[in-house]
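J.: Dumping the structure here so I can ask a few things about it.
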Amino acid sequence: MTKFIRILILSALLISPILNAQIKKIGVPFILNYNPKTYKAASENWDVLQDSKGMMFFANHFGIMQFDGVRWSIVTQPENRSMVRSLAIDKNDKMYVGAQGDFGYAIQLPNGQYQYTSLVKLLPESARNFGDVIHTVIRNDEVIFFSYEEIFIYKNNKIKVLKSKEKFDDFFEVNKEIYISHDSKGLLKLKGDKLISVENGEKFAGMKIRKIFGIQNGLLLFTQKNGLFTFKDNQLKPFVTEADNVLKQNQISTGIQLSDGFFGIGTRQSGLIVIDGSGRLIQHINKQMGLQNDYVTNLKVDKEGNLWVALKEGISLIQISSPLSRVLDTSNSETKIYCDQIYQDKLYIATDNGLFWMNWQSYKNGKHENANFQHVSGMSENVWNIGVFGNSLLAFEKNGIFEVSGNSAKLLAKVDGAWKGILVPNQPDLLLVGGYNGMYLLKKINNLWVYQNKIKGFEESDRVIETDKNGDFWIAHGYKGIYKIKFNKTFDAVSDVQFYNQKNGFPSSLFLNTIKINNQILFGTTKGVYKQDSHSKKMIPEPVFKKYLGLESHIRLLKSDNHNSIWYISGENTGKMTKMPNGSFEVEELPFRKLRYSYVPGFENIQTTTSGDVFFGTQDGLIHYNAIKTKKYKTKYKAVISEVKCIFPKDSLIFSSRYDVLPNKTKGAGEKILPILSHSNNALHFSFSSLFYDEADATKYEYWLEGFEPKWSDYSLQTEKEYTNLPEKEYVFHVRAKNIYDVVSEEAVFRFEVLPPWYRTIWAYILYFILYCVVIYLVIKYQKSVAEHDRQQLILNQEKELLRARAELNEQRLNLEQENMAIVRENLEATINLKNAKVASNTVNLIHLNEILLSIKELIGQMDKKNDPNVNFSLLTKINKLIDHELQGDKHWNEFEEIFNQLHDNFMQRMKTTYPELTPRDMRLCAYLRMNFNTKEIAPLLGISVRGVEDTRYRIRKKLQLPSDANITEFILNF
Numbered sequence: 000m001t002k003f004i005r006i007l008i009l010s011a012l013l014i015s016p017i018l019n020a021q022i023k024k025i026g027v028p029f030i031l032n033y034n035p036k037t038y039k040a041a042s043e044n045w046d047v048l049q050d051s052k053g054m055m056f057f058a059n060h061f062g063i064m065q066f067d068g069v070r071w072s073i074v075t076q077p078e079n080r081s082m083v084r085s086l087a088i089d090k091n092d093k094m095y096v097g098a099q100g101d102f103g104y105a106i107q108l109p110n111g112q113y114q115y116t117s118l119v120k121l122l123p124e125s126a127r128n129f130g131d132v133i134h135t136v137i138r139n140d141e142v143i144f145f146s147y148e149e150i151f152i153y154k155n156n157k158i159k160v161l162k163s164k165e166k167f168d169d170f171f172e173v174n175k176e177i178y179i180s181h182d183s184k185g186l187l188k189l190k191g192d193k194l195i196s197v198e199n200g201e202k203f204a205g206m207k208i209r210k211i212f213g214i215q216n217g218l219l220l221f222t223q224k225n226g227l228f229t230f231k232d233n234q235l236k237p238f239v240t241e242a243d244n245v246l247k248q249n250q251i252s253t254g255i256q257l258s259d260g261f262f263g264i265g266t267r268q269s270g271l272i273v274i275d276g277s278g279r280l281i282q283h284i285n286k287q288m289g290l291q292n293d294y295v296t297n298l299k300v301d302k303e304g305n306l307w308v309a310l311k312e313g314i315s316l317i318q319i320s321s322p323l324s325r326v327l328d329t330s331n332s333e334t335k336i337y338c339d340q341i342y343q344d345k346l347y348i349a350t351d352n353g354l355f356w357m358n359w360q361s362y363k364n365g366k367h368e369n370a371n372f373q374h375v376s377g378m379s380e381n382v383w384n385i386g387v388f389g390n391s392l393l394a395f396e397k398n399g400i401f402e403v404s405g406n407s408a409k410l411l412a413k414v415d416g417a418w419k420g421i422l423v424p425n426q427p428d429l430l431l432v433g434g435y436n437g438m439y440l441l442k443k444i445n446n447l448w449v450y451q452n453k454i455k456g457f458e459e460s461d462r463v464i465e466t467d468k469n470g471d472f473w474i475a476h477g478y479k480g481i482y483k484i485k486f487n488k489t490f491d492a493v494s495d496v497q498f499y500n501q502k503n504g505f506p507s508s509l510f511l512n513t514i515k516i517n518n519q520i521l522f523g524t525t526k527g528v529y530k531q532d533s534h535s536k537k538m539i540p541e542p543v544f545k546k547y548l549g550l551e552s553h554i555r556l557l558k559s560d561n562h563n564s565i566w567y568i569s570g571e572n573t574g575k576m577t578k579m580p581n582g583s584f585e586v587e588e589l590p591f592r593k594l595r596y597s598y599v600p601g602f603e604n605i606q607t608t609t610s611g612d613v614f615f616g617t618q619d620g621l622i623h624y625n626a627i628k629t630k631k632y633k634t635k636y637k638a639v640i641s642e643v644k645c646i647f648p649k650d651s652l653i654f655s656s657r658y659d660v661l662p663n664k665t666k667g668a669g670e671k672i673l674p675i676l677s678h679s680n681n682a683l684h685f686s687f688s689s690l691f692y693d694e695a696d697a698t699k700y701e702y703w704l705e706g707f708e709p710k711w712s713d714y715s716l717q718t719e720k721e722y723t724n725l726p727e728k729e730y731v732f733h734v735r736a737k738n739i740y741d742v743v744s745e746e747a748v749f750r751f752e753v754l755p756p757w758y759r760t761i762w763a764y765i766l767y768f769i770l771y772c773v774v775i776y777l778v779i780k781y782q783k784s785v786a787e788h789d790r791q792q793l794i795l796n797q798e799k800e801l802l803r804a805r806a807e808l809n810e811q812r813l814n815l816e817q818e819n820m821a822i823v824r825e826n827l828e829a830t831i832n833l834k835n836a837k838v839a840s841n842t843v844n845l846i847h848l849n850e851i852l853l854s855i856k857e858l859i860g861q862m863d864k865k866n867d868p869n870v871n872f873s874l875l876t877k878i879n880k881l882i883d884h885e886l887q888g889d890k891h892w893n894e895f896e897e898i899f900n901q902l903h904d905n906f907m908q909r910m911k912t913t914y915p916e917l918t919p920r921d922m923r924l925c926a927y928l929r930m931n932f933n934t935k936e937i938a939p940l941l942g943i944s945v946r947g948v949e950d951t952r953y954r955i956r957k958k959l960q961l962p963s964d965a966n967i968t969e970f971i972l973n974f
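In case it helps, numbering that gives the first Met the number 0 puts the sequence shown at residues 0 to 974.
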């Protein structure tokens, strides 16, 4: 009784900001694990925080690690490059950092980089030798850094150092008050810059306290090895919990007070334990349950209510705020769940690997260690369905029909595949079983189901069967249509079959489903819910479901429960329609968005219970839902631009929070920047994300580059976008996200400007203007030059015309002169010809005369003075002398020479001048040669023999100094 009262009092005293929700006890919350290979940093993580935007930061061995929902990155490191052990953040998102042998703060710069500033330089040299700063706390206007050796209080850019002769043990912030545990002094409190002992604080000496929480007028303490204690009214008492054995054996490392009043306790060897305010065990999540490591170093609840677990190896995200949890996780075993059923306090699941069961009551009461799924012997093939018929649990399997009892199954009928069983209306002792190739009948005899026969007349697959109020059976064939069947009275044969497909009003003959809701037969189609019109017998849309579910989605499942609700799977959305007092329905889908794309196609199943438990069989296991657990789905969040880089040159970053990828000596924090890019960098790559971590992989994004695109893009899962060949102007890149709950984020923007190419800059345009002016000047100058040239050309042409006229006159005058000269020349030529004729005639006459004279002389010479006495030789002698005189006389020669010189350009004078050694006879011979006389013709003219002429020619050749091969006649002619 005393223990019960103490638990009630403690539960009332525990401070709980939100009491309208509880962490689920049934199932294991969804866990998302991030291992070191995923975030590419050290395995150990020591602290977690979230800034005002929603960005997550982790104290990692390699530095401060950031996660934006898509990408992980180290954003900064302490100056000494040591591990980061603790983090704190103020309202301006200024992060204070505790590291190994260092502490300081980090601020984000406009280019996305985080700039770390060490505060150790403010310490005196004697205080700089300390180890890990394992806690960093912001209290009012001061920041407290805690190490085992010293406590540093930072305020107004000054640091107060508190030392102890012995090392401190741990440090705690409780309701803005600071407590320090000390191995020898016990529990101390920090007042201002003084450490004072808590009343009876020595009781805590050596307890190894790891977390302290405030309760009304007291404290709740977590110790490393001794469990939990309360300290109230100066009394220290153990706080007994259902997890004491686990806590004491596995060492508490940290703890957190959850928003719903429960406590999360991190251990070194057994993962996370969650208890309520009374000490009852709610959850024990360890490596076996999906946590990737059992050593918990820190815990943090984010704005969406998710619990981040920092581990010795990795990071885990536990979705403790979700009303969904896993009862069985088969994501790694490739087991598909087709159906589930609670029977005799046991939970059975039908899978493609057989039938399994678990003690449901033990599991529901939190005794997970004693509640594991066990295989039902006798079935190892695909179990398609299970159901309770009377007092029996029957399973319908690939090899036949089985009755299940406990952990074993008995074959009732070996058939070629059984899909499902359904009781015959008004005859609860008859069970109709749909099979692969027809139907089978079972009858209950002596409270046992006995196989009777295969029903004749229908050989189609009967996986989906329902009965209407008239006792007719409606069978859906997924690829053909709907069959309405009547049986004979003995149920051994089909008496009537009616068939309905697209021709009868369905939107398609494919993927039809038969559903029974409130004793009404409905049909799930690819375009909404249909029913049969009672008059026309045509298939028409059902008006209620048309109103709430529309006519655009594939209705895969409809199922009513015992709480006046209808569960449905429409397309990829799961939902619940709850009937309100006014007859309308309230549709709820958001809690089930996590189930998208998780069902086994064609075998979607939802199982409800009278207690409000709902089970969803999926490809990844059995999912549990309970409406008692509520969650806020419409929380606000932000989209962020993670990185901006130029594509050319490759990976030239403009904006990024990644450590040391950009210069961080830029403008101060809070100042805006407008990146101005050269035209060669007009191809950009944007990376973006959203600070919403629940099913982050399903978050969709839309973006818009203002100034380049006319409108927003369609939503897609793409988290990157590239733009190339951007023209010069200012741009604004917008991005926003839409999470799985259709909540649109606040948009993120990035402004930048692309400069024009050099040939389109203002300086280029100035140059173009100058060049234009120069060109205009040159054109004008050229035109003037052309005009001047034309004027000069005109003058020149006029002068040419004048000259031409003068030339014509001159030409005419010249022609006249030439005509006169021709006449003169003709006259001269006539005179010359006359003279030539005269010379020739005189010469011929002279030759003839000389020949006669020579003949006479020869005749005179032939007279013999002695033999012819009658001859007057003296007279002959005179005649002979007269002849010789005549032959050598110059009278004719002088006349000849005068005429000859006129005709031959003073030939005789030129020869005499050139060759003065020539004799008159030589000159005469030369004249005759120029007249082209031969030797025979020359001899009479000279009065000598032919031989004499040859001798004379020879002498003249020598005087003319002609070579032997030269022709004297040619020389004389050309002289």
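Even glycine gets a Cβ: it sits at the ideal position worked out from N, Cα and C.
State whether the stretch 436–449 contacts the stretch 406–422, with contact taken as three or more CB pairs (one from each stretch) at a distance under 8 Å.
T.: Enough Cβ pairs lie closer than 8 Å, so yes.
J.: Specify, as a first and last residue, the run of the beta strand (DSSP E) that F602 falls within.
T.: Note, F602: premise wrong, no beta strand (DSSP E); not H, not E.
J.: In angstroms with no decimal places, state the Cα-to-Cα distance between S196 and K184.
T.: 8 Å
J.: Looking at C-alpha atoms only, which residue of I516, K311, G365 is the closest neighbour of Q291?
T.: K311
J.: Within 10 angstroms of its Cβ, does N233 collect 16 or more other Cβ (buried), or is it exposed?
T.: Exposed: under 16 other Cβ atoms inside 10 Å.
J.: In its own chain, which residues sit with a C-beta less than 6 Å from the C-beta of Y95, not counting the 5 before and 5 after it?
T.: A87, Y104, T135, V142
J.: With DSSP collapsed to three states, give me the class of H788.
T.: In the structure shown, H788 sits in a helix (DSSP, three-state: H, G or I).
J.: Would you mind stating whether T934 and E949 have Cβ atoms separated by less than 8 Å?
T.: yes
J.: Write down the C-beta distance between F498 and G470 rounded to the nearest angstrom, noting that I regard them as a contact closer than 8 Å.
T.: Actually they are not in contact, since the Cβ atoms of F498 and G470 sit about 19 Å apart, beyond 8 Å.
J.: With respect to the alpha helix (DSSP H) encompassing T913, which residues constitute its N-terminal and C-terminal limits?
T.: 906–913
J.: Around the Cβ of V300, are there at least 16 other Cβ atoms within 10 angstroms (buried) or fewer (exposed)?
T.: buried
J.: Taking S494 as the reference, give the member of N500, G504, F457, I272 with the closest Cα.
T.: F457
J.: Can you tell me where the beta strand (DSSP E) with I481 in it begins and where it stops?
T.: 480–486
J.: Please name the residue, chosen from Y624, Y914, V463, that lies closest to Y482 on a Cα-to-Cα basis.
T.: When each option's Cα is compared against that of Y482, the closest is V463.
J.: With DSSP collapsed to three states, give me the class of E312.
T.: coil
J.: Rank K247, T350, K537, G200 by C-alpha distance to the C-alpha of Q223 and give the top, closest one.
T.: Of the listed residues, the one whose Cα sits closest to Q223 is K247.
J.: Anyone know if the C-beta pair for F691 and E303 falls short of 8 Å?
T.: yes
J.: Taking the alpha helix (DSSP H) that W359 falls in, what are its first and last residues?
T.: 359–363
J.: May I ask you to report which of helix, strand or coil DSSP gives G226?
T.: coil
J.: Could you give the distance in angstroms between the alpha-carbon of R909 and the alpha-carbon of I971?
T.: 11 Å
J.: From the DSSP output, in three-state form, read off K664 for me.
T.: Confidence at K664 is low in this model, with a pLDDT of 49, below 50, so the placement of that residue should be treated as unreliable; the coordinate-derived value is given next. Looking at K664 - three-state DSSP - the assignment turns out to be coil, as it is neither helix nor strand.
J.: Go to E585, then tell me how far its beta strand (DSSP E) extends in each direction, as first and last residue.
T.: Element bounds for E585: 584–587.
J.: Nearest to S51 by alpha carbon, out of I177, N174, D89?
T.: D89
J.: If you follow the alpha helix (DSSP H) that E949 is part of, which residue opens it and which one closes it?
T.: First-last of the alpha helix (DSSP H) with E949: 945–959.
J.: Which residues does DSSP pair with P540 in a beta bridge?
T.: Y529
J.: In the DSSP assignment, what residue or residues form a beta bridge with Y781?
T.: According to DSSP, Y781 bridges with nothing at all.
J.: Please report the distance separating the alpha-carbon of M930 from that of E798.
T.: 53 Å
J.: From T334, L327, L354, Q360, pick the residue whose C-alpha is nearest to that of Q343; which is it?
T.: Cα-wise, what sits closest to Q343 is Q360.
J.: Residues in the same chain with beta-carbon distance under 7 Å from V748, minus the five sequence neighbours each way, listed in chain order, please.
T.: V731, F732, H733
J.: Is the Cβ-Cβ distance between I63 and A40 less than 8 Å?
T.: Result no, Cβ atoms of I63 and A40 do not sit closer than 8 Å.
J.: In the stretch 726–760, which residue ranges form an unbroken beta strand (DSSP E) of at least 3 residues, counting only runs that do not cross its ends?
T.: 728–737, 747–753
J.: When burial is assigned at 16 or more other CB atoms within 10 Å of the CB, is S679 buried or exposed?
T.: exposed
J.: For N305, collect the residues of the same chain with a Cβ closer than 8 Å to its Cβ; drop the 5 residues on either side in sequence, then sort them by chain order.
T.: Answer for N305: L316, I317, Q318, I319, S320, Y692, D693, listed in chain order.
J.: Near S715, which residues of its chain fall below 7 Å by C-beta distance, leaving aside the five closest residues on each side in sequence?
T.: The beta carbon of S715 is closer than 7 Å to those of K699, Y700 in its chain, skipping five residues each way along the sequence.
J.: If I follow the unbroken beta strand (DSSP E) through Y347, where does it start and stop?
T.: 345–350
J.: Please list, in chain order, all residues of the same chain as D904 whose beta carbon is under 8 Å from its beta carbon, the five residues on each side excluded.
T.: none
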